[in-house]
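K.L.:
So the sequence shown is numbered by numbering that gives the first Met the number 0: it starts at 0 and just counts up by one.
For each residue, glycine too, the CB sits at the ideal point set by N, CA and C.
Since we're looking at a predicted model, the values are computed, not measured.
Pasting a structure below so you can have a look.
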Amino acid sequence: MRFILKTISLIALVIAVMAGTIDAIQSVSASEPVLTPLAVAWSTASPDTIALVADGIMRNLHPYAWDPAAMWVLSQPAFAVLLAISLFFWVIAYKRQPIAGRFTA
0 MRFILKTISL IALVIAVMAG TIDAIQSVSA SEPVLTPLAV AWSTASPDTI
50 ALVADGIMRN LHPYAWDPAA MWVLSQPAFA VLLAISLFFW VIAYKRQPIA
100 GRFTA
């Protein structure tokens with residue numbers, strides 16, 4: 000299970016770095032900061048899945064979970080949201096070292 004969570008974290012981190020790199024390239028070419036919202040990046044990559052996720056959230060959860068919460072997340076920069084997702088899965092998969100050390104029974 001820890002391997003799967005770390006893999007998800009790594010994939011999110013790679014996509015976040017790619018999104019940040021694209022934003023950096025666009026910022027340099029436009030001579031002003033360009034931050035692509037997650038909704039724009041997601042609709043560019045896979046437009047059908049946004050409607051599928053929205054329908055699933057509104058059907059399985061409360062509709063208020065989509066309107067204020069999900070819409071706020073989708074309006075944030077893509078690289079920041081993906082970095083937060085990567086950190087979340089890494090923290091879940093993290094294994095703490097024993098307090099007494101490595102040579103305990």
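If V72 and L37 are in contact, beta carbons under 8 Å, what's the gap, nearest whole angstrom?
P.N.:
7 Å
K.L.:
L81: buried (16+ other C-beta within 10 angstroms of its C-beta) or exposed?
P.N.:
buried
K.L.:
From T48 to V27, what distance separates their C-alpha atoms?
P.N.:
31 Å
K.L.:
How do the region 4-19 and the region 60-80 stand: do at least 3 beta-carbon pairs fall below 8 Å, yes or no?
P.N.:
yes
K.L.:
Sort W41, R95, L4 by Cα distance to I14 and report the nearest one.
P.N.:
W41
K.L.:
Between L4 and A64, which are expected to be in contact by the criterion C-beta below 8 Å, what is the C-beta distance as a whole number of angstroms?
P.N.:
Not a contact, Cβ separation roughly 23 Å.
K.L.:
Looking at A69 and I56, is the spacing between their C-beta atoms short of 8 Å?
P.N.:
Yes, these two residues count as a Cβ contact at 8 Å.
K.L.:
For P36, write down the residues that DSSP places opposite it in a beta bridge.
P.N.:
P76
K.L.:
Helix, strand or coil: which one does DSSP assign to S45?
P.N.:
coil
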